Amino acid sequence: MPTPDLPPALLLLGPTASGKTASALALAAHLPIEIISVDSALVFRDMDIGSAKPSADEQAVCPHHLIDILSPEEAYSAAKFRDDALRLMGQITARGRLPVLAGGTMLYFKALREG
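All residue numbers for the sequence shown refer to our numbering, where the first residue is 139 and numbers rise by one.
Structure representation (structure tokens):
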């Protein structure tokens with residue numbers, strides 16, 4: 139089922155290492171944002187190689203969400219991402235900040251948009 143009532147958000151889509159994080163961090167210098175990762179690898183701890191995970195310094199610039207939340211043995215689905223992202227978008231918006239969804243897992247974007 140489509141989700142027409144999503145909170146306002148900025149979407150930065152693209153492949154690994156294409157500059158999404160740098161763009162989001164540049165925005166953070168001018169806007170009150172929080173970044174929601176839309177990456178199927180970044181949710182897992184210890185998945186640093188080949189994932190272009192934002193560094194600790196980058197993550198300190200503004201709040202980041204859905205990074206390092208699970209061990210590699212745990213399961214995570216597009217449906218779970220959708221639930222987590224919608225919850226976070228509501229919380230971020232309630233704080234008067236703009237959610238920025240950045241990543242390249244298009245299945246997650248599709249799940250968020252279409253249910």
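Think of the CB as a built atom: it goes at the ideal place given N, C-alpha and C, for glycine as much as any other residue.
Nothing here was measured: the structure is a model prediction, and the numbers come from that model.
Could you have a look at residue i and say whether DSSP puts it in helix, strand or coil?
i, result
"serine 161", "helix"
"leucine 226", "helix"
"alanine 240", "strand"
"leucine 148", "strand"
"leucine 250", "helix"
"threonine 154", "coil"
"lysine 191", "coil"
"alanine 213", "coil"
"alanine 167", "coil"
Does residue i pass the burial test, meaning 16 or more other C-beta atoms within 10 Å, or should it be called exposed?
i, result
"arginine 220", "buried"
"alanine 164", "exposed"
"leucine 204", "buried"
"proline 153", "exposed"
"methionine 244", "exposed"
Starting from residue i and walking both ways along the beta strand (DSSP E), at which residues does that stretch end?
i, result
"glutamate 279", "For the chain, the structure presents residues 139 to 253; residue 279 sits outside this window and is missing."
Could you tell me which residues DSSP pairs with residue i in its beta bridges?
i, result
"histidine 203", "Ile174"
"leucine 208", "Phe182"
Could you tell me whether any Cβ in chain C is nearer than 7 Å to the Cβ of residue i?
i, result
"glutamate 211", "Chain labels in this structure do not include chain C; a single protein chain is all it has."
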